[in-house]
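First comes the structure, then the notes that go with it.
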Amino acid sequence: MKTFSFIRSIGAFHGLGVFLLFAMGAFQKGDASDWGAYHIVSASTSEFVLEAVDGVKEGATISIQKPNGGANQKWIVIEEEGVAKISPVEGPSLVMSAAEGGANRGTAIVLEKDRGEPWQRWSLVK
2 MKTFSFIRSI GAFHGLGVFL LFAMGAFQKG DASDWGAYHI VSASTSEFVL
52 EAVDGVKEGA TISIQKPNGG ANQKWIVIEE EGVAKISPVE GPSLVMSAAE
102 GGANRGTAIV LEKDRGEPWQ RWSLVK
């Protein structure tokens, strides 16, 4: 598994001090099968990775857990027009989203069907 060197805080996890740690060069255009899958690792506690709780399905909550090699902990990151779409490897039609378009601190991060909405795209900030 690869990691990125960009760091981005996510609203729902902000209070936990969780940040995404990404590998340099992994933020690429095109089909994710060209460059593989990633664990998204907490920069504040590197023993945790992002996981789709209860499996890869619409509505699954994203949380942090100890790595177990499960498909619900593997992600593809695709650049689209300067922002990132983050999908589980086993469910590329689903994307990491702020639940129901929420923009407040503490908004849950979930998997939703990709509709190209702004709350379904992420900026990777160094």
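Be aware that the sequence shown starts at 2, since it is given in the numbering used here, and climbs by one per residue. Ideal Cβ positions, reconstructed from N, Cα and C, are used throughout, including at glycine. Values in this document were obtained by computation on a predicted structure and should not be read as measured data.
| Query | Result |
| --- | --- |
| Inter-residue Cα distance where the pair is Val111 and Ile63 | 5 Å |
| Whole-angstrom distance between Leu51 and Asn73, CA atom to CA atom | 9 Å |
| Proximity to Ser94 [Cα-Cα], best of Ile79, Glu82, Ala85 and Lys114 | Lys114 |
| Enclosing beta strand (DSSP E) for Val84 [first to last residue] | Val84 to Pro89 |
| Arg106 to Ala100 span [Cα, whole Å] | 12 Å |
| Same chain only: Cβ atoms within 8 Å of Glu118, ignoring 5 sequence neighbours per side | Ser98 and Gly102 |
| Spatial distance of Ile65 from Ser43 (CA atoms) | 8 Å |
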